[in-house]
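Notes for the one structure printed next.
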Amino acid sequence: MNLEPLQDGQTAVVIGGGPGGAACAIALKKLARETGRQVNVLLFDGKASVGETHYNQCVGVLSPPIEQVMARIGIPFPHHLVQRKIRAYVLHGETRQIRLTEAGEVSYATRRVEFDTYMLNQAREQGVEVRPSRVTDLEFLPDRVNVYAEGSRCEAAVVFGAFGLDPGASAMLAQATSYRPPRFLVSMVTKIHPPPGLLEPFGETIYAFLPRNPRIEFGAITPKGNHVTVNLAGARVDSRDMDAFLAYPPVRRRLYFADPQ
């Protein structure tokens, strides 16, 4: 394919409707307006109409400079979705801990599905056509890309992959191009509701842990609106590793109110 600037009437396709895909689509529409071009932007996402259902193992913490990034694409930051501001991190060892802060830097704990929905709605308001279906195949030709989705087909001048580590989309793109999925860690997430009065001591801090467990790369406790989110990551973590992490003494000291079973 020849990579040339998008022209009037051409179509750009974004695969993936998470914050990255929505932001990409919004930025494309913004750049098209600034250069006086009429560019069609289609965003395909099979999860765009599932409402409150969660799919990705994501904690939902937005790190700086998220506000500046959103401002650059002309989207207001949704402060009404923030469940808690995060101003510090505490790194726990076996017997000691280190508090890490950055003056003026604030992260925001949100409910991931709500932030995803907000970004998709912003994309629609900017003129992006959101199609709630999965892309099943790509055909790269010298002058275009044929995009095959569930129940439809379209032609695109350029395709953006914003599907993260989705195995189906990764395999599809790897079959059609030289793209190869990167190495990654598996993440597991659970949430715990503390008894009344026991959430406040967590403050505006994320608590990170590096246990002496070869299967666990790291774990963390993040306070949210009415609960704490516990996540861990590793090459092949599963529910047994989550149980082991919750029984890890430094974690137990933080989550002493949680049932270890």
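Count along the sequence shown from 1, add 461, and you get the number used in this note's numbering.
Cβ coordinates follow ideal geometry from the N, Cα and C atoms, glycine included.
Only a predicted model underlies this, so the values are computations on that prediction, with no experimental measurement involved.
Take the Cβ of residue i as the centre, count every other Cβ of all protein chains shown within 10 Å, and call the residue buried at 16 or more, exposed below.
i, result
"proline 672", "buried"
"glycine 507", "buried"
"tyrosine 579", "buried"
"leucine 626", "exposed"
"tyrosine 709", "buried"
"asparagine 501", "buried"
"tyrosine 728", "In this structure the chain extends from 462 to 722, so residue 728 is not present and cannot be described."
"leucine 602", "exposed"
"lysine 490", "buried"
"tyrosine 640", "exposed"
"isoleucine 559", "exposed"
"phenylalanine 670", "buried"
Just confirm the distance between the C-beta atoms of residue i and residue j, as a whole number of angstroms; I'd bet it's less than 8 Å.
i, j, result
"glycine 695", "arginine 676", "5 Å"
"proline 525", "valine 567", "7 Å"
"phenylalanine 679", "leucine 693", "7 Å"
"cysteine 519", "arginine 573", "5 Å"
"valine 522", "threonine 683", "6 Å"
"glutamine 544", "glycine 686", "4 Å"
"glycine 478", "leucine 504", "6 Å"
"leucine 581", "alanine 483", "5 Å"
"isoleucine 653", "alanine 719", "5 Å"
With which residues is residue i paired in a DSSP beta bridge?
i, result
"proline 684", "Val689"
"arginine 640", "Correcting the residue identity first, residue 640 is tyrosine in this sequence and not arginine. DSSP output for tyrosine 640 lists no bridge partner at all."
"glutamate 616", "Asn607"
"aspartate 598", "Tyr609"
"alanine 584", "None, per the DSSP bridge assignment."
"serine 648", "Ala694"
"arginine 560", "Val551"
"arginine 545", "Ala570"
"glutamate 590", "Leu503"
"valine 522", "Ala570"
"isoleucine 476", "Phe505, Gly622"
Just checking residue i against the ligand HEM - is the residue's beta carbon closer than 7 Å to any of the ligand's heavy atoms?
i, result
"threonine 556", "In the structure on display, the ligand HEM does not appear, and there are no ligands present to speak of."
Checklist entry - Would you call the stretch 592-605 and the stretch 486-499 touching, i.e. three or more CB-CB distances under 8 Å? => result Because the criterion of three Cβ pairs below 8 Å is not met, the stretch 592-605 and the stretch 486-499 do not touch.
Checklist entry - Does the pairing of the stretch 621-639 with the stretch 467-476 give three or more beta-carbon distances under 8 Å? => result The stretch 621-639 vs the stretch 467-476: in contact.
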